[in-house]
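S.K.:
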Amino acid sequence: MRPLLLSMTAFGPYKGTETIDFKELGENKLFVISGATGAGKTTIFDGICFALYGQASGEDRADSGAMRSDFADDGVQTTVGLTFEIHSRVYRIMRQIPHVKIGNKSKTVARCEFYELTADGEIPYVDRQIVSEINKKAEELIGFTQAQFSQIVMLPQGEFRKFLTSDTENKETIMRKIFKTEPYREIVEKLKLKKDIAQTELTNEIQLNEGYIRQISSVLPERESLIFTFLANDNRNDSQIVQGLDEELSYYNEKTTDDKREYEESVKKHAEVLSSFHTAKSLNERFVELEQQKNSLSALSERIPLMDTKEQQLAEAERAAAIEEIELQYSGLKKEVIQKAAALEKASYAVQVATEKMGKNEILFKAEEGRKEEREQLAETLIRLNGHLPAVSELASKEATLNLMKKEIGSLDLKLSETVGKAIVETEKLDVLKMKIDQLEEKLLPLDKRVDLLNEMNEQCKILDEFISIQKLTTTIEIEKNEKEERYKKQKIDYDQFEKSWLNNQAAMLAESLHDGESCPVCGSQEHPAKSQGHLETVVTKEQLDGEKKALADVESEYRTAAAKLQNIDEQLNDKMEEIKRLQIDVESDTLHLLKKELETEVANLREHRKLLTELKVKLKEQEVIATELVTEKLTKERALFERKSTYEKELALIEMTLQVIPEDVRILDVLQQRITETATKKIELEQAWDRVQKSLNDAKELLMTSRSAVMHTENALKEAEEKRGSAETRFKEALLKSGFPTEEVYGEAKMPAVNRVSLREEIFDFKQRLHSLREAVAGLQQVLEGKEIVELSGLELIVDELKIVYEKAFADYNRSMEFAKAAHGIKEKIEQSVKIRNGLEKTCGKITALYDVVRGQNGLKLSFERYIQIEYLERIIQSANERLKEMTNGQFELIRSDRQEIRGKQSGLGLDVYDAYTGQTRDVKTLSGGEKFNASLCLALGMADVIQSFQGSVSIDTMFIDEGFGSLDEESLSKAIDTLIDLQKSGRMIGVISHVEELKAAFPAILEVRKSKEGHSKTKFVVK
1 MRPLLLSMTA
11 FGPYKGTETI
21 DFKELGENKL
31 FVISGATGAG
41 KTTIFDGICF
51 ALYGQASGED
61 RADSGAMRSD
71 FADDGVQTTV
81 GLTFEIHSRV
91 YRIMRQIPHV
101 KIGNKSKTVA
111 RCEFYELTAD
121 GEIPYVDRQI
131 VSEINKKAEE
141 LIGFTQAQFS
151 QIVMLPQGEF
161 RKFLTSDTEN
171 KETIMRKIFK
181 TEPYREIVEK
191 LKLKKDIAQT
201 ELTNEIQLNE
211 GYIRQISSVL
221 PERESLIFTF
231 LANDNRNDSQ
241 IVQGLDEELS
251 YYNEKTTDDK
261 REYEESVKKH
271 AEVLSSFHTA
281 KSLNERFVEL
291 EQQKNSLSAL
301 SERIPLMDTK
311 EQQLAEAERA
321 AAIEEIELQY
331 SGLKKEVIQK
341 AAALEKASYA
351 VQVATEKMGK
361 NEILFKAEEG
371 RKEEREQLAE
381 TLIRLNGHLP
391 AVSELASKEA
401 TLNLMKKEIG
411 SLDLKLSETV
421 GKAIVETEKL
431 DVLKMKIDQL
441 EEKLLPLDKR
451 VDLLNEMNEQ
461 CKILDEFISI
471 QKLTTTIEIE
481 KNEKEERYKK
491 QKIDYDQFEK
501 SWLNNQAAML
511 AESLHDGESC
521 PVCGSQEHPA
531 KSQGHLETVV
541 TKEQLDGEKK
551 ALADVESEYR
561 TAAAKLQNID
571 EQLNDKMEEI
581 KRLQIDVESD
591 TLHLLKKELE
601 TEVANLREHR
611 KLLTELKVKL
621 KEQEVIATEL
631 VTEKLTKERA
641 LFERKSTYEK
651 ELALIEMTLQ
661 VIPEDVRILD
671 VLQQRITETA
681 TKKIELEQAW
691 DRVQKSLNDA
701 KELLMTSRSA
711 VMHTENALKE
721 AEEKRGSAET
731 RFKEALLKSG
741 FPTEEVYGEA
751 KMPAVNRVSL
761 REEIFDFKQR
771 LHSLREAVAG
781 LQQVLEGKEI
791 VELSGLELIV
801 DELKIVYEKA
811 FADYNRSMEF
821 AKAAHGIKEK
831 IEQSVKIRNG
841 LEKTCGKITA
851 LYDVVRGQNG
861 LKLSFERYIQ
871 IEYLERIIQS
881 ANERLKEMTN
891 GQFELIRSDR
901 QEIRGKQSGL
911 GLDVYDAYTG
921 QTRDVKTLSG
931 GEKFNASLCL
941 ALGMADVIQS
951 FQGSVSIDTM
961 FIDEGFGSLD
971 EESLSKAIDT
981 LIDLQKSGRM
991 IGVISHVEEL
1001 KAAFPAILEV
1011 RKSKEGHSKT
1021 KFVVK
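Here's what the structure looks like:
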């Protein structure tokens, strides 16, 4: 990214519109931004960063609302615009910060624009000119997030030194943002979830196993056995439980076999006695049956005389039945004579009626014959009316169709109005959703900055808490050190006194052994003018002196260790104090924690807004689909309405043409059909009347002839029937005498219906059959029971009941034993299966937990998986940084990754040390001087830029801005730094530096002067040498 034109209006110290045209630099790639303190040098960097990302370059300037110029007029909007080039294409981005005008409560409208500049003009680079889409597109185009941009392209005042001196956790956060290593941290979270799930499953399985074990006492009766001994022991194990259940299973299997044998024996004994009981009971039942059969035979014998009488009546009825046919013939012929006489009388009357009817029909025939002309006129009228019927029917059909079309057009018009109304409502809903989304996106603008600020506050709170903790620890360790120092001093005094006593004793012993003329073992002199005259003090041996010396050495070691520990904790306290001073944290105030809580609440609310925004965007898509469907439906209905109206007008023109050829009095189909119906009805009535009179006359003639013929035929039939009746009467009287019936009355009494005869015959037969059967049965039972007596059953039945109780108890014992064996087997299988599953889960849980501990950094190196990946990036950054650092420091310094672990078990692996070639020692980078830190930080930032560009091939770092830092360098270091920047310029990069250093101004070919007016606001101007 290379800036071409920066425009700032009412931004920072710039009251009006300030335009910086970087094209004025021409071929110069290096320039210094120079000006008085507070003139607005850093604001230029803020303007570039704000235009691209909506955030300033430094974390201490995160509030975009505070960027509005205090000098700006109330009506002037705060606006920042940047035209820049990337990959040979030019873009323009603009952001407008809202503010509250005097007298208003609400802020002005915020705006943002992003365009690509082409030969054809400006083309929108985003679908919608809203903050979220512009931020996303800007990051995609430039290739950096705001955090990456501030670390690599734009190095704000003091910000880029953070990476050099921060601890592992801070570097981890920075590198996570820059190199996007979040997925590796997510792996840890996923493994934690898996670990928790595996641990839960294992716990559940253990609880299930314990449940199975607790069930044993409830399903098996307690007895003296291994299982209940183990259950009473709290230190039991699964193998003991399984062993105990095996013993129980064997016990109950054997008991089941024994109980089954006892059950089968008792059932067999019961069956034998029960068989004897049933045999005796059957014999007693035979005696009862014999008595019953005898009683039945006696009752039946009493009915024999009655049945003889019935048998005689049946014989007489059979004789009467033999002449019943002759009687029927005779009765039939008598009825026939009576019927023939009645028929003759009826036929004579019919002849009389037919003659009268014939006369009437002849009169009616002559009347209808005279209406012939009227019938012919009606036929002609009917033909004429039917000729108009097809045309009028078609006309009526078309008119009906036309009416339906008219109604349909009205319905379509109504539906179209409803659809238009719905479309307006849904479009308004769509607009409301878009407005809400825009408002939420505007509210969410500061979210990323607030999250970053919250992270920074968390870090500050963490540093403050660590400082307070170290401060407390320092007091404790200092007290411990003072106590050990006092012990050491006391021990030293005691030892010196002890040593002095030992030396005095040695001198006294030596003096006693010296004699004149003998050489002194100390000085060699043979004369001893001043020998010690003292006496031996308390005897102190060499062993005692060595013991005291060792005790002194131990106390001294404890004192030196405590002193070193205090020195170390003091260094840590000083380091934390430097961090606190650098971050300007008030140690005495609790404001930081309160601000953090407020910020946490604000971030939580903003995240809720973001969640709501996601939901609203989903609703927006759904609403867009609804609105689009309604628009499509509206167009479809409009087209259908237009087509219907066109068809209606065509059909109306055809109807008007048809009306011209149809007489006016028959144009209505109902009227025409009514006239046709009336004419046809009248015509039919006349024709039917004519047909009726003709038919009636013919029928009357035929009836008269038929009646006369019937009278003649009936007279002959009556005569013949009377002759047959006489013959039948003679035959019937002869048959009565022959069958033994003296008179018709006797014959009538003997007669019986055929059904009654059959019933009586069957009754007599059944009586004889049953009488015979009872006699045979009584004789048979008497023969079977001869010599036998009735058996007493009560005693035998009591024995059967007692044996039944015995076998039922045996059966219950057998079932109970089987159930206990089954329960023991079932619980044993469940426990074995549970143990198998638990063992598998323990292995799985152990593996996952071990892997989770490794990847989260709970290992000897305190190195997480994400940090292991980040180390590769850090090593490459260090390698690239050292190439410049060695040159800038004449080979004195070289950065190396530190393997030391952080204090109090904190995560490690990303710390930095510096190797000093002059001393041959490696030390913490925090021990570097201000200028040395600047050189190291600059090289580290440049190295990071090289690494990022190597990993992201599409990213082009054509520009770099550096804010302050050169004033801390000596003349030689400054010269080296300038040489490094000139080398960077040779690679094609534009480099801008904020500095007050005159040597830098003199060395650079261009200066961007920032001048503050007397009124306090500023102006800029390029000075190219």
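According to the UniProt record's numbering, the residues represented by the sequence shown are 1 to 1025, in order. Just so it is clear, CB atoms sit at the ideal spot from N, CA and C, and this is done for glycine as well. The structure displayed is predicted, hence computed values, not measured ones.
1. What does the Cβ neighbour count give for threonine 42, buried or exposed, with the cut at 16 atoms within 10 Å?
2. Quick one: Cα of threonine 541 to Cα of glutamate 485, how far?
3. Return yes when at least one heavy atom of the ligand SAM lies under 7 Å from the C-beta of serine 69, else no.
4. How many angstroms separate the CA atom of arginine 95 from the CA atom of glutamate 441?
5. Which class does tyrosine 115 belong to by DSSP, given the choice of helix, strand or coil?
6. Terminal residues of the continuous alpha helix (DSSP H) containing isoleucine 837?
7. Beta-carbon separation of isoleucine 662 and valine 392 under 8 Å?
8. Tell me alanine 1006's beta-bridge partners as DSSP assigns them.
9. Kindly identify the DSSP beta-bridge partner or partners of methionine 154.
10. Can the beta-carbon of glutamate 797 be found less than 8 Å from the beta-carbon of phenylalanine 277?
11. May I have the straight-line CA-CA distance separating aspartate 234 from tyrosine 263, to the nearest angstrom?
12. Just the Cα atoms here: how many angstroms apart are threonine 714 and glutamate 380?
13. Given that a residue counts as buried once 16 or more other Cβ atoms are within 10 Å of its Cβ, and exposed if not, what is histidine 87?
14. Mind checking who valine 90 pairs with in its DSSP beta bridge?
15. Taking the continuous beta strand (DSSP E) assigned at arginine 897, which residues delimit it?
16. Within 10 angstroms of its Cβ, does glutamine 674 collect 16 or more other Cβ (buried), or is it exposed?
17. Determine the DSSP secondary structure at valine 540, reduced to helix, strand or coil.
18. What's the C-alpha gap between lysine 255 and lysine 809?
19. With a Cβ-Cβ cutoff of 8 Å, do methionine 154 and phenylalanine 961 count as a contact?
20. Would the segment 24 to 42 and the segment 111 to 122 be scored as touching if the rule is three or more Cβ pairs under 8 Å?
21. Report the rounded CA-to-CA distance for arginine 303 versus glutamate 776, giving the unit in angstroms.
22. For phenylalanine 741, report the span of its beta strand (DSSP E) as first-last.
23. Let's test the definition: count the other Cβ atoms within 10 Å of the Cβ of leucine 503 and tell me whether it reaches 16, buried, or not, exposed.
24. Do the CB positions of valine 925 and threonine 165 come within less than 8 Å of each other?
25. Measure the C-alpha to C-alpha separation of isoleucine 241 and isoleucine 871 and round it to an integer number of angstroms.
26. Using 8 Å for Cβ pairs, my map puts isoleucine 831 next to asparagine 204. What's the rounded Cβ distance?
27. Kindly confirm or deny that the segment 856 to 867 and the segment 915 to 935 touch, where touching means at least three C-beta pairs closer than 8 Å.
28. In the DSSP output, which residue or residues are listed as bridge partners for isoleucine 33?
29. Given aspartate 665, which residues of its chain have a CB within under 8 Å of its CB, disregarding the five upstream and five downstream residues?
30. Please work out which residues of its chain come closer than 8 Å, Cβ to Cβ, to leucine 620, disregarding the five sequence neighbours upstream and downstream, and give them in chain order.
31. Just how far apart, CA to CA, sit isoleucine 827 and aspartate 258?
32. Identify whether phenylalanine 11 lies in helix, strand or coil by the three-state DSSP scheme.
33. Is DSSP giving tyrosine 918 helix, strand or coil here?
34. Check whether the Cβ atoms of lysine 862 and serine 898 lie closer than 8 Å to each other.
35. Serine 864 by DSSP, collapsed to three states: which one?
36. Look at the alpha carbon of arginine 838 and the alpha carbon of isoleucine 206, and state the distance between them as a whole number of angstroms.
M.R.: By the coordinates alone:
1. Within the sequence shown, residue 42 is the residue found at index 42, counting from 1. The residue is buried, with at least 16 neighbouring Cβ atoms inside 10 Å.
2. To locate residue 541, count along the sequence shown from 1; it is residue 541. To locate residue 485, count along the sequence shown from 1; it is residue 485. In a straight line, the C-alpha of threonine 541 is about 28 Å away from that of glutamate 485.
3. Here there are no bound small molecules, and the ligand SAM is not part of this structure.
4. On the sequence shown, residue 95 is found 95 positions in, with the first residue counted as 1. On the sequence shown, residue 441 is found 441 positions in, with the first residue counted as 1. Arginine 95 and glutamate 441: Cα-Cα distance of roughly 14 Å.
5. Position 115 of the sequence shown, counted from the start, is the residue given in the question as residue 115. The answer is strand: DSSP assigns tyrosine 115 an E or B state.
6. Numbered from its first residue, the sequence shown carries residue 837 at position 837. Looking at the DSSP string, the run of the alpha helix (DSSP H) that includes isoleucine 837 is 794 to 856.
7. Your numbering for residue 662 matches position 662 in the sequence shown. Your numbering for residue 392 matches position 392 in the sequence shown. Yes; because the gap between Cβ atoms is below 8 Å, this pair is in contact.
8. Here residue 1006 is taken as the residue at index 1006 of the sequence shown, counted from 1. Paired residue(s): Val1024.
9. In the sequence shown, counting from the first residue as 1, residue 154 sits at position 154. DSSP, once it has assigned bridges, lists Phe961 as partnering methionine 154.
10. In the sequence shown, counting from the first residue as 1, residue 797 sits at position 797. In the sequence shown, counting from the first residue as 1, residue 277 sits at position 277. Yes, the pair counts as a contact, with Cβ atoms nearer than the cut-off.
11. Position 234 of the sequence shown, counted from the first residue, corresponds to residue 234. Position 263 of the sequence shown, counted from the first residue, corresponds to residue 263. Answer to the nearest angstrom: the Cα atoms are 40 Å apart.
12. To locate residue 714, count along the sequence shown from 1; it is residue 714. To locate residue 380, count along the sequence shown from 1; it is residue 380. When rounded, the distance between both Cα atoms is 53 Å.
13. Sequence index remark: in the sequence shown, residue 87 carries index 87 (1-based). The residue is exposed, with fewer than 16 neighbouring Cβ atoms inside 10 Å.
14. Here residue 90 refers to the residue found at position 90 when the sequence shown is read from its first residue. Its beta-bridge partners are Glu85 and Leu117.
15. Numbered from 1 along the sequence shown, position 897 holds the residue referred to as residue 897. Where arginine 897 is concerned, the enclosing beta strand (DSSP E) stretches over 893 to 897.
16. The sequence position of residue 674 within the sequence shown is 674, counting from 1. Flag for glutamine 674 reads exposed.
17. On the sequence shown, position 540 is the one that residue 540 refers to. Three-state DSSP puts valine 540 in coil, outside helix and strand.
18. Taking the sequence shown and counting its residues from 1, one reaches residue 255 at position 255. Taking the sequence shown and counting its residues from 1, one reaches residue 809 at position 809. Approximately 15 Å, taken between the alpha carbons.
19. Residue 154 sits at position 154 when you count from the first residue of the sequence shown. Residue 961 sits at position 961 when you count from the first residue of the sequence shown. Cβ atoms of methionine 154 and phenylalanine 961: closer than 8 Å.
20. no
21. For the purposes of this step, residue 303 is identified with residue 303 of the sequence shown, where counting begins at 1. For the purposes of this step, residue 776 is identified with residue 776 of the sequence shown, where counting begins at 1. Their backbone Cα atoms lie some 18 Å apart in a straight line.
22. On the sequence shown, residue 741 is found 741 positions in, with the first residue counted as 1. Looking at the DSSP string, phenylalanine 741 is not in any beta strand (DSSP E), and its letter there is neither H nor E.
23. Looking up residue 503 in the sequence shown gives position 503. Result: exposed.
24. Along the sequence shown, read from residue 1 onward, the residue named residue 925 stands at position 925. Along the sequence shown, read from residue 1 onward, the residue named residue 165 stands at position 165. Closer than 8 Å, so yes.
25. As a position in the sequence shown, residue 241 is number 241, starting the count at 1. As a position in the sequence shown, residue 871 is number 871, starting the count at 1. In a straight line, the C-alpha of isoleucine 241 is about 53 Å away from that of isoleucine 871.
26. Within the sequence shown, the letter at position 831 stands for residue 831. Within the sequence shown, the letter at position 204 stands for residue 204. At roughly 15 Å, the Cβ-Cβ gap does not stay under 8 Å, so isoleucine 831 and asparagine 204 are not in contact.
27. no
28. The residue labelled residue 33 in the question sits at position 33 within the sequence shown. Paired residues: Ile994 and Leu1008.
29. On the sequence shown, position 665 is the one that residue 665 refers to. Val671.
30. Translated into the one-based positions of the sequence shown, residue 620 becomes position 620. Counting only Cβ-Cβ distances below 8 Å, and skipping sequence neighbours, we find Leu430, Leu433, Lys434 and Ile437.
31. To locate residue 827, count along the sequence shown from 1; it is residue 827. To locate residue 258, count along the sequence shown from 1; it is residue 258. Approximately 23 Å between the Cα atoms of the pair.
32. Residue mapping note: residue 11 aligns to position 11 of the sequence shown, counting from 1. Correct three-state label for phenylalanine 11: strand.
33. If you number the sequence shown from 1, residue 918 lands on position 918. In the structure shown, tyrosine 918 sits in coil (DSSP, three-state: anything other than H, G, I, E or B).
34. If you number the sequence shown from 1, residue 862 lands on position 862. If you number the sequence shown from 1, residue 898 lands on position 898. No, the pair does not count as a contact, with Cβ atoms beyond the cut-off.
35. Counted from its first residue, the sequence shown places residue 864 at position 864. In this structure, serine 864 counts as coil in the three-state DSSP scheme.
36. On the sequence shown, position 838 is the one that residue 838 refers to. On the sequence shown, position 206 is the one that residue 206 refers to. Each residue's alpha carbon lies about 7 Å from the other.
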